[in-house]
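Q: I'd like to ask some things about the structure below.
Residue numbers (the working numbering): 5 to 551.
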């Protein structure tokens with residue numbers, strides 16, 4: 005009765021929790037570094053290598069979420085919320101504090117309110133500002149996976165997708181309210197995500213009840229997300245083709261806000277359907293169990309592609325261990341390091357691209373407006389990769405038995421092609437390359453956490469996937485500083501350390517293409533090592549869905 009009472013409360017359901025999480029995700033403003041990197045570079049007197057070093061602090065903060073995972077496990081242990089004083093909101097609050105302190109101190113240094121800090125101190129500021137997003141994402145993703153255990157790929161894709169598109173959303177806000185001043189963008193990032201997370205954090209909670217037909221309602225969120233991405237792309241094209249007045253920008257911004265509000269309607273509809281379904285389930289449960297005593301057992305032993313029978317004793321032995329694996333146990337496995345290597349090569353090279361978009365565009369004679377649009381387009385393609393591949397991985401796993409490591413290897417192969425496209429340096433190539441690398445980079449952010457939850461279990465998912473996420477800043481440092489920054493500075497001339505021409509980044513992209521191919525091989529090895537295990541995952545999901 006307590007669960008039923010909770011479900012009937014409008015503000016207390018997993019659907020409202022999902023909407024609150026999505027709104028927090030889309031306010032984070034990730035991948036906006038290229039917008040304010042120029043003013044950061046000029047105001048602090050950095051060369052390109054120093055700017056890339058600061059960018060590594062940014063990437064480290066955004067992906068060093070182990071503390072967030074440990075805090076989440078502590079405050080949500082057994083879903084008891086520490087006697088009422090815990091829950092995911094604690095993780096959100098910690099993120100909000102870091103977000104405000106980091107961006108505000110960075111803004112103060114840029115505009116001269118405080119003395120120019122050393123590079124290490126500026127690195128600490130940007131580390132705190134992006135470390136906040138790791139707390140937001142950990143709370144939202146792990147809560148979503150626990151609320152929708154049968155659709156891990158979809159819910160991770162939706163959460164990561166809205167995080168990916170947050171950059172494009174913040175660029176729209178910046179263009180209207182900050183009047184093209186990059187320093188104001190930093191202040192906006194200090195205030196807006198902090199406010200949104202504090203307002204919504206108490207709505208993000210874990211709900212244990214499972215509903216058989218969750219997938220139908222949950223799939224509405226990716227559809228709405230793709231509509232939002234398409235709308236943002238259309239607005240960018242219109243701004244490039246026409247010189248729009250301020251009132252047109254405001255109208256388009258208001259319509260974007262209405263689209264962002266639409267998930268609330270999905271949540272209300274899903275909650276009403278759940279209430280009806282619950283009453284039907286309570287009334288027919290006893291009759292159903294009498295009429296179909298052996299249906300669940302038979303369906304459980306059937307693979308979706310008819311590949312034969314599975315030993316139930318083996319299933320019982322492996323699955324409980326998989327569900328309870330902690331970080332130390334995961335570190336003892338080869339699978340952890342294969343996934344880590346694939347993440348270093350894929351996400352690291354992808355981050356190197358977005359961190360240097362401004363300089364890449366300048367070297368190829370793109371205007372500042374075109375570079376800003378490319379940043380927004382990157383966020384959109386990143387978003388499409390997270391949403392689309394997240395949903396696709398669930399669909400292929402349930403219907404075809406295709407494993408997620410296989411999809412990861414395909415994504416890394418496509419990313420290799422994208423880096424080669426960038427290296428060619430043909431006119432307009434940044435638009436084509438950003439599509440390939442952006443989608444593949446986003447797909448990795450959807451696949452990696454879901455693979456983690458399936459191989460190592462959900463109980464310590466926040467800690468383990470954030471530990472693997474450390475591969476991202478490690479790869480960013482290798483590619484951005486030791487490859488891209490070093491080669492760019494060798495080619496740069498003049499007092500402003502600038503370089504123009506395709507030679508500035510060609511060798512860097514060829515190196516990144518080679519290492520992305522190495523990540524593809526690591527993902528293929530992971531695929532062969534876990535192929536049998538994923539058959540058990542498919543069976544387990546069928547078993548739960550038929551209960």
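C-beta: ideal position from N, C-alpha, C; glycine also. Source: prediction; values computed, not measured.
(1) Distance, Cα to Cα, residue 28 vs residue 497?
(2) Let me make sure I understand the geometry here. Which of 504, 539, 446 has the alpha-carbon closest to that of residue 165?
(3) Does the beta-carbon distance from residue 411 to residue 428 come in below 9 Å?
(4) In this structure, how does DSSP classify residue 16 when only helix, strand and coil are distinguished?
(5) Once the 5 residues before and after residue 72 are set aside, which same chain residues still bring their CB inside 7 Å of it?
(6) Is the CB-CB distance between residue 171 and residue 35 below 9 Å?
(7) Taking only the alpha-carbon atoms, compute the straight-line gap between residue 254 and residue 248 and give it to the nearest angstrom.
(8) Between the beta-carbon of residue 22 and the beta-carbon of residue 267, is there less than 9 Å?
(9) Rounded to whole angstroms, what's the CA-CA distance from residue 441 to residue 47? Just pull it up for me.
(10) Checking contacts by CB at 9 Å: is residue 492 closer than that to chain C?
(11) Write down the C-beta distance between residue 416 and residue 523 rounded to the nearest angstrom, noting that I regard them as a contact closer than 8 Å.
(12) Indicate the three-state DSSP secondary structure (helix, strand or coil) for residue 353 in the structure shown.
(13) Ignoring anything shorter than 4 residues or poking outside the region 202 to 279, list the alpha helix (DSSP H) runs there in chain order.
(14) Could you tell me which whole alpha helix (DSSP H) segments of length 4 or greater appear in the region 17 to 99?
(15) Would you tell me roughly how many angstroms separate the C-alpha atoms of residue 149 and residue 462, rounded to the nearest one?
(16) How would you label residue 209, buried or exposed, when you count the other beta carbons within 10 angstroms and need 16 or more for buried?
(17) Would you kindly work out how many angstroms separate the C-alpha atoms of residue 514 and residue 251, rounded to a whole number?
(18) Is residue 271 near residue 17, with beta carbons less than 9 Å apart?
(19) Roughly how many angstroms lie between the CA atoms of residue 359 and residue 241, to the nearest whole one?
(20) Excluding five sequence neighbours on each side, which residues of the same chain lie with their C-beta closer than 7 Å to the C-beta of residue 77?
(21) For a quick check, are the C-beta atoms of residue 530 and residue 455 less than 9 Å apart?
(22) At which residues does the alpha helix (DSSP H) containing residue 459 begin and terminate?
(23) Taking the beta carbon of residue 347 as the centre, do at least 16 other beta carbons fall within 10 Å, making it buried, or is it exposed?
(24) Going by the CB atoms, is the gap between residue 186 and residue 43 shorter than 9 Å?
(25) To the nearest angstrom, how far is the alpha carbon of residue 400 from that of residue 49?
(26) Locate the alpha helix (DSSP H) running through residue 366, then write down its first and last residues.
(27) Touch check for the region 384 to 395 and the region 215 to 232: three-plus C-beta pairs under 8 Å?
A: Looking at the coordinates:
(1) The residue given as residue 28 occupies position 24 in the chain shown. The residue given as residue 497 occupies position 493 in the chain shown. For residue 28 and residue 497, the distance between alpha carbons rounds to 43 Å.
(2) One-based indexing of the chain shown puts residue 165 at position 161. Minimum Cα distance to residue 165 is reached at 446.
(3) Your numbering for residue 411 matches position 407 in the chain shown. Your numbering for residue 428 matches position 424 in the chain shown. No, they are not a contact pair.
(4) Numbered from 1 along the chain shown, position 12 holds the residue referred to as residue 16. In this structure, residue 16 counts as coil in the three-state DSSP scheme.
(5) Against the chain shown, residue 72 aligns to sequence position 68. Excluding sequence neighbours, residue 72 sits near 95, 138, 139, 142, 466, 470.
(6) Mapped onto the chain shown, residue 171 falls at position 167. Mapped onto the chain shown, residue 35 falls at position 31. Going by C-beta atoms, residue 171 is nearer than 9 Å to residue 35.
(7) Taking the first residue of the chain shown as position 1, residue 254 is located at position 250. Taking the first residue of the chain shown as position 1, residue 248 is located at position 244. Cα to Cα, residue 254 sits roughly 10 Å from residue 248.
(8) To locate residue 22, count along the chain shown from 1; it is residue 18. To locate residue 267, count along the chain shown from 1; it is residue 263. Taking 9 Å as the Cβ cut-off, residue 22 and residue 267 qualify as a contacting pair.
(9) Your numbering for residue 441 matches position 437 in the chain shown. Your numbering for residue 47 matches position 43 in the chain shown. One C-alpha to the other measures close to 31 Å.
(10) Absent from the structure is chain C; it holds one protein chain and no more.
(11) The residue given as residue 416 occupies position 412 in the chain shown. The residue given as residue 523 occupies position 519 in the chain shown. So it is a contact: roughly 5 Å between Cβ atoms.
(12) As a working note, residue 353 is residue 349 in the chain shown. Helix at residue 353.
(13) 218 to 222, 224 to 245
(14) 18 to 30, 37 to 48, 52 to 67, 70 to 79, 85 to 88
(15) Locating residue 149 in the chain shown gives position 145, counting from the first residue. Locating residue 462 in the chain shown gives position 458, counting from the first residue. Cα to Cα, the separation comes out at about 8 Å.
(16) Working through the chain shown from its first residue, we reach residue 209 at position 205. The residue in question, residue 209, is buried, as its Cβ has 16 or more Cβ neighbours within 10 Å.
(17) Taking the first residue of the chain shown as position 1, residue 514 is located at position 510. Taking the first residue of the chain shown as position 1, residue 251 is located at position 247. Their backbone Cα atoms lie some 45 Å apart in a straight line.
(18) Mapped onto the chain shown, residue 271 falls at position 267. Mapped onto the chain shown, residue 17 falls at position 13. Yes.
(19) The residue you call residue 359 lines up with position 355 of the chain shown. The residue you call residue 241 lines up with position 237 of the chain shown. One C-alpha to the other measures close to 23 Å.
(20) Taking the chain shown and counting its residues from 1, one reaches residue 77 at position 73. Cβ neighbours of residue 77 beyond the five flanking positions: 464, 466, 467.
(21) The residue you call residue 530 lines up with position 526 of the chain shown. The residue you call residue 455 lines up with position 451 of the chain shown. Result yes, Cβ atoms of residue 530 and residue 455 sit closer than 9 Å.
(22) Locating residue 459 in the chain shown gives position 455, counting from the first residue. Run containing residue 459: 433 to 460, per the alpha helix (DSSP H) assignment.
(23) The sequence position of residue 347 within the chain shown is 343, counting from 1. Label assigned to residue 347: buried.
(24) As a position in the chain shown, residue 43 is number 39, starting the count at 1. As a position in the chain shown, residue 186 is number 182, starting the count at 1. Result yes, Cβ atoms of residue 43 and residue 186 sit closer than 9 Å.
(25) Residue mapping note: residue 400 aligns to position 396 of the chain shown, counting from 1. Residue mapping note: residue 49 aligns to position 45 of the chain shown, counting from 1. Looking at the two C-alpha atoms, the distance is approximately 50 Å.
(26) For the purposes of this step, residue 366 is identified with residue 362 of the chain shown, where counting begins at 1. Its alpha helix (DSSP H) spans residues 361 to 367.
(27) yes
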